[in-house]
Structures are given as C-alpha cells and as structure tokens.
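Chemist:
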Amino acid sequence: MSMYNAESQHYSETRHPTLYLCDGDVVLAAARSPTATILFRVDKVYLARSVNEMYDGVPRVQLADDADDLARLLAALYDPTSLSLERLNPDTPILMTGVMKLAVKYEIDAVRTLIVKHIEADWPQTLEDWDAYQAERGAAAQAYNESKDKKFKGKYFDEVYPEPVAAIRFALEFDVPSILPAAWYQLATTDAKVHLDYDTIRRQPSLRLFSAPCSAKARWKLLQTDASLLTITMFGKAKLEDYMKVAEHILRNSALACESSQRCEQSGFKKAREFLALYGTPADPLYGIKQILTSGLWDTDMCTECIAYKHKQLQRARRTIWEALPEDFQLPSWEMTEAASE
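Per my numbering, numbering through the sequence shown is continuous, rising by one, with the last residue being 343.
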C-alpha cells in the first residue's frame, strides 16, 4: 500500500486547482504541511526525474519541495505572466526566492532568466540609468507629498520602490552581480538612525510618522543576520564619505586662471560647507554632486573660470565614483559583471 493514502486519518491529498491537468502525463506530490499534500499533474517533458510509483494512471514523483513554490514554478512554465512580477516591487526578491531555488535545482533556465531579467531591470547598471531612477523617485516623492491621502499609486511611498537588503541577499544567493553596486549604494546612503526597519514599519504603519516618508527604507534586521554584509556596507559607507571630501576639495579650490581669487575662495568655502551640510549625512556623493552641478554653482560669486573648472572636475569625480562602486563594495568589476551576463 502506498504511504500516500488519501483516506488516512488526519491526512489529505488535494489536486491543485489549476495545475492538475487532465492531459498531463506525470503527477508530482509536494507537502504543504505534515498532514497535507498537493498533487500536480503536468507534462513529463518538463521534468527529468525517475519514478517508481503510479498515480491516476501516470508516474508519480514524490518531491521534497514546498508545494506553493512548486505551484509557482509549474505555473510559470505554462504561463510566464503567472509570476505577476511587478516593476520596482520591494518584495520581489523575497517572493521569488522559493521559485528561484527550484528553477536552479531543476535547471529550468527559462524561469530563472525571466526572474533575473526582471530584478535586473529594477536596479540601474549605468550612471545615466541611476540618474533616471533618482529623477523618477523625486517626481514620485513630489506627487506623494501633494496627495491628500499621502499615498502614491494607492500605496505608501516605500512600497513602490525596491528595497536593497533583500535584493543584495537574492543577488548573492543566485549569482546576479549586476544589481549589487546600485543596491549597495542605496543601502549605504540610507540612514539607519532616521529610517526604521522596513518590515517593522509595514507591520506598524503608525511608525511612518517617525520615519522620513519619502526616503529609501531598508530591512535592517535582515542585514543584521549576516555580519559579512554589514561589514561590507560599513566599508562602502566610509568610501562614500571619502568621496564627499574629494568633492569638498574641488569646491574649495580655485581655477589656475581665476579672475578673482579672494572672492572665489570665499564663495568656494561657503559652497563646500553647504554641500557637506545638505548631502553629508548620510554621505550621498552622487546625489549631492548632481544637485551642485544642476543649480549649485551658477548662483555663487565665483568667476566664470572657476565655475567652468569646478563643473568639469565634479563631473569627472561623479563618473569616477560610479565606476569605483564595485571595488568599494568588494564586488566584481563592471567589466567582469557584463562579461558574465553575456
């Protein structure tokens, strides 16, 4: 007698409502709990497993996999849109972890690639894409602040943009290095003193009153479970603080062809102090320099030579910062990451 007797007391076997196909040629059984098993009848062509039992006239395979994860995987084989992958969803890495484990385990590259491409699209991989991402967040924050219910597209602001800790853990587990520089930069520029743990806030929405509503959030408690990730984050934050000092130095220095050294020096010192006060805690050199380049030099008393010189130097520094992010967070270079994805 089979040990999978649906008639046994306190034990149930249930056919999956959409993945028990009448023309399937193999039945998969996965436990949802110690006393409940879900049955899937699907096409054997997708599977490469030996079977030693029959069920409903076809081979039956007993799997140790979670039934809900298996359901998502099989549904994706028949209909990739069933994964319901939502752009910029902060929960995507967590929701897709179980499916990814099975896709990797059974070498189902189509599903793995689908999930990876979606998550890669959520995180910029060029400085230009990062600027576009930040501009989109800025526009969304403005719309959020102007809304009567203080929501954006029916959700709280932190629910419509990706969260870095879950993304980093996902990328490290499933070898998706392309998203790590941007995700780690966002994490390093998020202030743990101001922004409460993301999951804690979602469980207790009233806590949003004590946390900046339109800024990035992070799953700090999840980060604390891995000392190595925390160490890398702190190392990266220190590098970003160094970049702020580089930008400050550029703002303070005058061009060799300066037309009014004393006036430009005073104006440069003032702008440097302003720069550090606005963007130094936590250090966010990419955003800070971008703001200075956009509108922060021409409103000074500096001569045109100094403005042109500092503008060029700050642009160069900003590009250098982006290119150095992999090294700053102990990751493969941009070139290695791009080669691996081809």
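We treat Cβ as the ideally placed atom computed from N, Cα and C, and that holds for glycine.
Around the C-beta of Thr127, are 16 or more other C-beta atoms found within 10 angstroms, so that it is buried, or is it exposed?
Modeler: Residue numbering aside, residue 127 sits at position 126 when the sequence shown is read from its first letter. Flag for Thr127 reads exposed.
Chemist: Does the distance from the C-beta atom of Asp198 to that of Arg170 stay below 9 angstroms?
Modeler: Along the sequence shown, one-based indexing puts residue 198 at 197. Along the sequence shown, one-based indexing puts residue 170 at 169. Contact: no.
Chemist: Which residues in the same chain have their Cβ closer than 8 angstroms to the Cβ of Tyr162, if we skip the five residues on either side of it in sequence?
Modeler: By one-based count along the sequence shown, residue 162 stands at place 161. Once the five neighbours on either side are set aside, the close Cβ partners of Tyr162 are Leu89, Pro91, Arg138, Ala141, Ala217.
Chemist: Residues in the same chain with beta-carbon distance under 8 angstroms from Glu87, minus the five sequence neighbours each way, listed in chain order, please.
Modeler: Along the sequence shown, one-based indexing puts residue 87 at 86. Hits under 8 angstroms: Thr93.
Chemist: Inspect the beta-carbon positions of Ser179 and Trp124 and report whether they are closer than 9 angstroms.
Modeler: What you label residue 179 is simply residue 178 of the sequence shown in a count that begins at 1. What you label residue 124 is simply residue 123 of the sequence shown in a count that begins at 1. It is a contact, given that the beta carbons lie within the stated cut-off.
Chemist: At which residues does the beta strand (DSSP E) containing Glu54 begin and terminate?
Modeler: Position 53 of the sequence shown, counted from the first residue, corresponds to residue 54. Residues 54-56.
Chemist: Helix or strand or just coil, what does DSSP make of Val46?
Modeler: Reading the sequence shown from its first residue, position 45 is the one you call residue 46. Val46: helix per DSSP, three-state reduction.
Chemist: Evaluate contact between the segment 288-306 and the segment 265-279, counting only Cβ atoms and requiring at least three cross-stretch pairs below 8 angstroms.
Modeler: The segment 288-306 vs the segment 265-279: in contact.
Chemist: Using a Cβ-Cβ cutoff of less than 6 angstroms, which residues in the same chain neighbour Val177 once the five nearest sequence positions on both sides are dropped?
Modeler: Residue mapping note: residue 177 aligns to position 176 of the sequence shown, counting from 1. Excluding residues within five positions, the ones whose Cβ falls inside 6 angstroms are Val117.
Chemist: How many angstroms separate the CA atom of Tyr244 from the CA atom of Lys271?
Modeler: If you number the sequence shown from 1, residue 244 lands on position 243. If you number the sequence shown from 1, residue 271 lands on position 270. Spanning the two alpha carbons is a distance of roughly 18 angstroms.
Chemist: Which term fits Cys23, buried or exposed, when burial requires 16 or more other beta carbons within 10 angstroms of its beta carbon?
Modeler: Counting from one through the sequence shown, the residue named residue 23 turns up at place 22. The residue is exposed, with fewer than 16 neighbouring Cβ atoms inside 10 Å.
Chemist: Does the beta-carbon of Phe330 have 16 or more other beta-carbons within 10 angstroms, so that it is buried, or is it exposed?
Modeler: Numbered from 1 along the sequence shown, position 329 holds the residue referred to as residue 330. Flag for Phe330 reads buried.
Chemist: Per DSSP, what kind of secondary structure is Ala167 in: helix, strand or coil?
Modeler: Here residue 167 corresponds to residue number 166 of the sequence shown, with the count starting at 1. Three-state DSSP puts Ala167 in a helix.
Chemist: Does the beta carbon of Asp130 come closer than 9 angstroms to any beta carbon on chain B?
Modeler: The displayed structure is made up of one protein chain only, and chain B is not part of it.
Chemist: State whether the segment 36-44 contacts the segment 13-20, with contact taken as three or more CB pairs (one from each stretch) at a distance under 8 angstroms.
Modeler: Short answer: they touch.
Chemist: Can you tell me whether Glu14 is helix, strand or coil according to DSSP?
Modeler: On the sequence shown, residue 14 is found 13 positions in, with the first residue counted as 1. Strand, per DSSP.
Chemist: Helix, strand or coil for Lys246, going by three-state DSSP, please let me know.
Modeler: Counting from 1 along the sequence shown, the entry for residue 246 is found at position 245. It is helical.
Chemist: When you compare only the Cα positions, how much space is there between Asp69 and Arg33?
Modeler: On the sequence shown, position 68 is the one that residue 69 refers to. On the sequence shown, position 32 is the one that residue 33 refers to. Asp69 and Arg33: Cα-Cα distance of roughly 7 angstroms.
Chemist: The alpha helix (DSSP H) with Val112 in it runs from where to where?
Modeler: Residue 112 sits at position 111 when you count from the first residue of the sequence shown. Per DSSP, Val112 belongs to the alpha helix (DSSP H) from 110-123.
Chemist: Please classify Asp192: does DSSP put it in a helix, a strand, or coil?
Modeler: As a first step, residue 192 must be located in the sequence shown, where it is residue number 191. Three-state result, Asp192: coil.
Chemist: Mind checking Asp285: buried by the 16 CB within 10 Å criterion, or exposed?
Modeler: Counted from its first residue, the sequence shown places residue 285 at position 284. When all chains shown are included, Asp285 counts as buried.
Chemist: What's the call for Gly155, buried or exposed, on a 16-neighbour Cβ count within 10 Å?
Modeler: Start at 1 with the first residue of the sequence shown, and residue 155 comes out as number 154. Its Cβ having fewer than 16 others within 10 Å, Gly155 is exposed.
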